[in-house]
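Undergrad:
Protein chains: 2
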Amino acid sequence: MSSQQTSEHLVHVPLGERAYDILIGDGLIGRAGGEISTRIKGRKAAIITDENVGALYHGPLMDSLEADGFDTVSLTLPAGEKTKSFDHLTKVCDVLLEARIERNDVVIALGGGVIGDLTGFAAGIVRRGVRFVQIPTSLLSQVDSSVGGKTGINARQGKNLVGVFNQPDLVLADTAVLNTLSEREFRAGYAEVAKYGLIDKPEFFDWLERNWREVFSGGPARTEAIALSCQAKADVVVADERENGRRALLNLGHTFGHALEAATHYDSSRLVHGEGVSIGMVLAHEFSARLNLASPDDAKRVERHLKEVGLPTRISDIKGDMPPAEELMKAIAQDKKVKGGQLTFILTHGVGQSFVADDVPSSEVLSFLSEKLER
Amino acid sequence: MSSQQTSEHLVHVPLGERAYDILIGDGLIGRAGGEISTRIKGRKAAIITDENVGALYHGPLMDSLEADGFDTVSLTLPAGEKTKSFDHLTKVCDVLLEARIERNDVVIALGGGVIGDLTGFAAGIVRRGVRFVQIPTSLLSQVDSSVGGKTGINARQGKNLVGVFNQPDLVLADTAVLNTLSEREFRAGYAEVAKYGLIDKPEFFDWLERNWREVFSGGPARTEAIALSCQAKADVVVADERENGRRALLNLGHTFGHALEAATHYDSSRLVHGEGVSIGMVLAHEFSARLNLASPDDAKRVERHLKEVGLPTRISDIKGDMPPAEELMKAIAQDKKVKGGQLTFILTHGVGQSFVADDVPSSEVLSFLSEKLER
Chain B
241 MSSQQTSEHL VHVPLGERAY DILIGDGLIG RAGGEISTRI KGRKAAIITD ENVGALYHGP
301 LMDSLEADGF DTVSLTLPAG EKTKSFDHLT KVCDVLLEAR IERNDVVIAL GGGVIGDLTG
361 FAAGIVRRGV RFVQIPTSLL SQVDSSVGGK TGINARQGKN LVGVFNQPDL VLADTAVLNT
421 LSEREFRAGY AEVAKYGLID KPEFFDWLER NWREVFSGGP ARTEAIALSC QAKADVVVAD
481 ERENGRRALL NLGHTFGHAL EAATHYDSSR LVHGEGVSIG MVLAHEFSAR LNLASPDDAK
541 RVERHLKEVG LPTRISDIKG DMPPAEELMK AIAQDKKVKG GQLTFILTHG VGQSFVADDV
601 PSSEVLSFLS EKLER
Chain Z
241 MSSQQTSEHL VHVPLGERAY DILIGDGLIG RAGGEISTRI KGRKAAIITD ENVGALYHGP
301 LMDSLEADGF DTVSLTLPAG EKTKSFDHLT KVCDVLLEAR IERNDVVIAL GGGVIGDLTG
361 FAAGIVRRGV RFVQIPTSLL SQVDSSVGGK TGINARQGKN LVGVFNQPDL VLADTAVLNT
421 LSEREFRAGY AEVAKYGLID KPEFFDWLER NWREVFSGGP ARTEAIALSC QAKADVVVAD
481 ERENGRRALL NLGHTFGHAL EAATHYDSSR LVHGEGVSIG MVLAHEFSAR LNLASPDDAK
541 RVERHLKEVG LPTRISDIKG DMPPAEELMK AIAQDKKVKG GQLTFILTHG VGQSFVADDV
601 PSSEVLSFLS EKLER
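Protein chains in written order, with our numbering: chain B, 241 to 615; chain Z, 241 to 615.
1. For Ala-502(Z), tell me which candidate among Gly-493(Z), Gly-516(Z), Pro-376(Z) has the shortest Cα-Cα distance.
2. Spell out the partners DSSP gives Phe-316(Z) in its beta bridges.
3. At least one CB of chain Z closer than 8 angstroms to the CB of Lys-576(B): is that the case?
4. Any C-beta of chain Z within less than 8 angstroms: which residues of the segment 335 to 350 of chain B qualify?
5. Among Asn-344(Z), Phe-444(Z), Asp-334(Z), Ile-393(Z), whose alpha-carbon lies nearest the alpha-carbon of Asp-357(Z)?
6. So which residues of chain B does Gly-364(Z) contact, with C-beta pairs closer than 8 angstroms?
7. In chain B, which residues lie less than 7 angstroms from Gln-397(Z) when you measure between Cβ atoms?
8. Mapping DSSP to helix, strand and coil, what is Asn-532(Z)?
9. Based on the DSSP output, what are the partners of Tyr-436(B) in its beta bridges?
10. Between which residues of its own chain and Ala-428(Z) is the CB-CB distance below 7 angstroms, once the five residues before and five after are set aside?
11. What does a CB cutoff of less than 7 angstroms around Met-562(Z) pick up in its chain, not counting 5 residues either side in sequence?
12. Reducing DSSP to helix, strand and coil, say where Thr-391(Z) ends up.
13. Between Ile-586(B) and Leu-531(B), what straight-line distance do the alpha-carbon atoms span, to the nearest angstrom?
14. Please classify Gly-590(Z): does DSSP put it in a helix, a strand, or coil?
15. Is there a Cβ from chain B that is less than 8 angstroms from the Cβ of Thr-495(Z)?
16. Could you check if Lys-617(B) is buried or exposed, using at least 16 other CB atoms within 10 Å of its CB as the buried criterion?
17. Where DSSP assigns a beta bridge to Ile-262(B), which residues make up the other side?
18. When the Cβ atoms of the segment 329 to 342 of chain Z are set against those of the segment 286 to 300 of chain Z, are three or more pairs found closer than 8 angstroms?
19. Residue range of the alpha helix (DSSP H) that Lys-331(B) falls in?
20. Determine, using beta carbons only, whether Leu-421(Z) and Ala-434(Z) come nearer to each other than 8 angstroms.
21. Name, in chain order, the residues that DSSP records as bridge partners for Ile-375(B).
22. Return the CA-CA distance between Thr-588(B) and Val-253(B), expressed in angstroms with no decimal places.
23. Residue range of the alpha helix (DSSP H) that Val-476(B) falls in?
24. Less than 8 angstroms between CB atoms is the rule here; does Gly-274(B) satisfy it with respect to chain Z?
25. If you reduce the DSSP assignment to three classes, tell me which class Phe-400(Z) lands in.
26. Any contact of the segment 408 to 424 of chain B with the segment 369 to 385 of chain B, i.e. 3+ C-beta pairs under 8 angstroms?
27. Does chain B have any CB closer than 8 angstroms to the CB of Leu-583(Z)?
28. With distances taken from CA atoms, which of Phe-445(B), Ser-469(B), Leu-410(B) is nearest Gly-273(B)?
29. Please report the distance separating the alpha-carbon of Glu-543(Z) from that of Gly-267(Z).
30. Val-605(Z) lies in the alpha helix (DSSP H); which residues open and close that run?
31. From the DSSP output, read off the bridge partner residues of Ala-597(B).
32. Can you give the Cα-Cα distance for Ser-535(Z) and Pro-442(Z), rounded to whole angstroms?
33. Would you check if the distance between the CB atom of Ile-572(B) and the CB atom of Thr-495(B) is smaller than 8 angstroms?
34. Taking 8 angstroms as the CB-CB limit, is Arg-368(B) close to chain Z?
35. Indicate whether Ile-466(Z) and Gln-382(Z) have their beta-carbon atoms separated by less than 8 angstroms.
36. Near Trp-452(B), what residues of its chain come up, given a Cβ to Cβ distance below 7 angstroms and the 5 sequence neighbours on each side ignored?
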């Protein structure tokens, strides 16, 4: 296993005065204190986590921080998407202020995307910004939500509709924690890994088709896939930090995916985010083929691979009843990727050839969805 | 009155891609639609105001916006500091999302500092940022809170402890609205005008000592004093947008002032912000003299002028009982101008010669306050 332990990667995100490092490797939680203390001036650290992750990793993280001289305070929240709420945001801010976390002190998100998004938002608004470290503990958050600085909470009108751009000061992606993920959760994160190939890295998608079993079983291939995903996302973010153009490509599969999540009321027993993205990416390729922008063979190839790894690829793969197409359209219209009433979609000319289309007629989307729901 | 109407000022705040204009003049609300539509792409406008201001100016503003083709939605909140809360922030976000305000649409703060701070915060976090215009309707907000991009709400631990930096896209300071302010409210705003002289513009303080009556009675001297104040603040903000150094000078009088506000539980019948700043500025000059940094004559000169215009200048000017010095110190320690446990204060070498001191012993502050409270 020594090759696994030594295959540590560093991805630097060069965002000027907001530049930061992403470390990817085995056992980073156990030496978090050292990595953080070399980068942060303050000596207070607040750990925000959830019940599931906290039970496994809060102790080791706190020990490491205290060994390096940090005073720690901790808050453990319920696990699950419902935690990304105004109520919990208020609670996190209150805990940080009560602990007198100051601008040079650090707030640490120990958990998946929910904890990262909520904590990053709180760290961005308490005292108008304190230091912030992400320790993502799911594959999804390691390759996606912990990179790029988008933070936020959900509103009753939709997901992630309230938040700030807040780049972390450091990301520690400890690959050892992935060994305790359920197969389903790992697969859901894999959908985002595959997404980077589909956006603009066809050779990465080829590689995943050949090596996905090694990625799932752990070891150097997994670490490499995570590092390559972080690098791919970092490249896009550096080119367009505030999502005025190119960054929208990261939403490949997400407009459909978010609508499906909304339609299933964010019930994780029916659909988790990565699963929605998986179905959404297949739909985006099929919709592109329907508009004669791409070959139907590409859509079939994408579906074949995602199905092979065990991900859902069709709306009918979702358990339970789905609402009519009109309801899905409502969720799409409320999605924040809408400008001046026109629909913006990420479409594709084929595997690794996606692009931003900002003039997609909603009537086309509606009839496409209606067909898909009939099957 | 024609000279009054033509004395319009424009202060440009050159913050790169966050650059914006401040227009200062008579009757700007009546032509807000035109000024906004030339600068904003979207065609939806949300007006956030309070009961008092809304009763006078909401109609004219809405008419102007609709005449220029905006669809408007409005929210009227209770007047007063208590509105700067998480609950009202949630409410504003909900209204903006329900109205489907998108990134290029505009949110307009029509009111004083409370409405401006709350609305600017909401506009900065809904969809991670939509367009934002300030129409400040108090002297205080025209010369201070609407310039510089600090937004936020209060927490139970203190004022303005949660928020974001969010520069507006435009500020319209309509001087006509100042005619409806109470004398007390105008005076409170005047404390911040005088502050700019005390920070680093001794010649402006001289000018105010000679011309304050004209500033109070309206006309060109008033518009000029407002424009000069906006320019003074803009200069400091441009030099240090995120308050890492020089910007802290704007807190002259504010550390003591905030503590007094906290001690009177933000009860505006006892003390409003500008009054706290007035007393705080005198205290800052007296404290500087006590530390042998400035002449006691400067403190006397500052007190004489502020007293002449009718502002409170001593803790004993505040009606009702004050807590002991230890309680005031607690509020000071929770103030966000604290780094690594040491007290940061704005001290002075004399009128117009203030500076940031980041090593003020809290024991000195405590004994100074104890003396002041005994009188």
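We put the CB at the ideal spot given by N, CA and C, even for glycine.
TA: Reading from the atomic positions:
1. The sequence position of residue 502(Z) within the second sequence is 262, counting from 1. The residue among Gly-493(Z), Gly-516(Z), Pro-376(Z) with its C-alpha nearest the C-alpha of Ala-502(Z) is Gly-516(Z).
2. Translated into the one-based positions of the second sequence, residue 316(Z) becomes position 76. According to the sequence displayed, residue 316(Z) carries Thr and not Phe. Paired residues: Thr-289(Z).
3. Locating residue 576(B) in the first sequence gives position 336, counting from the first residue. Note that Lys-576(B) scores 47 on pLDDT, short of 50, meaning its location in the model is unreliable; the coordinates nonetheless yield the value given after this. Closer than 8 angstroms: yes.
4. The segment 335 to 350 of chain B vs chain Z, Cβ under 8 angstroms: Leu-337, Glu-338, Arg-340, Glu-342, Arg-343, Asn-344.
5. As a first step, residue 357(Z) is located in the second sequence; it is residue number 117 there, counting from the start. It is Ile-393(Z).
6. Along the second sequence, one-based indexing puts residue 364(Z) at 124. Counting only Cβ-Cβ distances below 8 angstroms, Gly-364(Z) has contacts in chain B at Val-404, in chain order.
7. In the second sequence, residue 397(Z) corresponds to position 157, counting from 1. Those within 7 angstroms of Gln-397(Z) in chain B are Leu-337, Glu-338.
8. Within the second sequence, the letter at position 292 stands for residue 532(Z). Residue state, collapsed to three classes: coil.
9. Taking the first sequence and counting its residues from 1, the one referred to as residue 436(B) is at position 196. Paired residues: none, contrary to the question.
10. On the second sequence, residue 428(Z) is found 188 positions in, with the first residue counted as 1. By the criterion of a C-beta distance shorter than 7 angstroms, Ala-428(Z) is surrounded in its chain by Leu-380, Val-512, His-513, Gly-514, Glu-515, once the five residues flanking it on both sides are discounted.
11. Position 322 of the second sequence, counting from 1, holds the residue named residue 562(Z). Result list for Met-562(Z): Ala-503, Ile-555, Leu-613, in chain order.
12. Position 151 of the second sequence, counted from the first residue, corresponds to residue 391(Z). Look at Thr-391(Z) here: in three-state DSSP terms it is coil, with no helix or strand label.
13. Translated into the one-based positions of the first sequence, residue 586(B) becomes position 346. Translated into the one-based positions of the first sequence, residue 531(B) becomes position 291. Taking the straight line from one Cα to the other gives about 13 angstroms.
14. Reading the second sequence from its first residue, position 350 is the one you call residue 590(Z). Looking at Gly-590(Z) - three-state DSSP - the assignment turns out to be coil, as it is neither helix nor strand.
15. Locating residue 495(Z) in the second sequence gives position 255, counting from the first residue. So, not an interface residue.
16. One cannot answer for residue 617(B) here, as it falls past the ends of chain B, which runs 241 to 615.
17. Mapped onto the first sequence, residue 262(B) falls at position 22. DSSP, once it has assigned bridges, lists Val-251(B), Val-411(B) as partnering Ile-262(B).
18. Contact holds: three or more Cβ-Cβ distances are below 8 angstroms.
19. Within the first sequence, numbered from 1, the residue matching residue 331(B) stands at position 91. For Lys-331(B), the enclosing alpha helix (DSSP H) covers residues 326 to 338.
20. For the purposes of this step, residue 421(Z) is taken as the residue at position 181 of the second sequence. For the purposes of this step, residue 434(Z) is taken as the residue at position 194 of the second sequence. No, the pair does not count as a contact, with Cβ atoms beyond the cut-off.
21. Taking the first residue of the first sequence as position 1, residue 375(B) is located at position 135. Answer by DSSP bridge pairing, in chain order: Leu-350(B).
22. Within the first sequence, residue 588(B) is the residue found at index 348, counting from 1. Within the first sequence, residue 253(B) is the residue found at index 13, counting from 1. When rounded, the distance between both Cα atoms is 27 angstroms.
23. If you number the first sequence from 1, residue 476(B) lands on position 236. Residues 460 to 479.
24. Here residue 274(B) refers to the residue found at position 34 when the first sequence is read from its first residue. Closer than 8 angstroms: no.
25. By 1-based counting over the second sequence, the position of residue 400(Z) is 160. What sits at residue 400(Z) in the sequence shown is Asn, not Phe. In the structure shown, Asn-400(Z) sits in a strand (DSSP, three-state: E or B).
26. Touching, yes.
27. Position 343 of the second sequence, counted from the start, is the residue given in the question as residue 583(Z). No, because no Cβ of chain B sits closer than 8 angstroms to the Cβ of Leu-583(Z).
28. Numbered from its first residue, the first sequence carries residue 273(B) at position 33. Cα-wise, what sits closest to Gly-273(B) is Leu-410(B).
29. Against the second sequence, residue 543(Z) aligns to sequence position 303. Against the second sequence, residue 267(Z) aligns to sequence position 27. Cα to Cα, Glu-543(Z) sits roughly 34 angstroms from Gly-267(Z).
30. Translated into positions along the second sequence, residue 605(Z) becomes position 365. First-last of the alpha helix (DSSP H) with Val-605(Z): 602 to 614.
31. As a position in the first sequence, residue 597(B) is number 357, starting the count at 1. Partner(s): Phe-585(B).
32. Start at 1 with the first residue of the second sequence, and residue 535(Z) comes out as number 295. Start at 1 with the first residue of the second sequence, and residue 442(Z) comes out as number 202. Taking the straight line joining both Cα atoms gives about 15 angstroms.
33. Within the first sequence, residue 572(B) is the residue found at index 332, counting from 1. Within the first sequence, residue 495(B) is the residue found at index 255, counting from 1. A Cβ-Cβ contact shorter than 8 angstroms links Ile-572(B) with Thr-495(B).
34. The residue you call residue 368(B) lines up with position 128 of the first sequence. Yes, because at least one Cβ of chain Z sits closer than 8 angstroms to the Cβ of Arg-368(B).
35. Counting from 1 along the second sequence, the entry for residue 466(Z) is found at position 226. Counting from 1 along the second sequence, the entry for residue 382(Z) is found at position 142. If you check the CB distance, Ile-466(Z) and Gln-382(Z) come in under 8 angstroms.
36. Taking the first residue of the first sequence as position 1, residue 452(B) is located at position 212. Cβ within range, chain order: Val-549.
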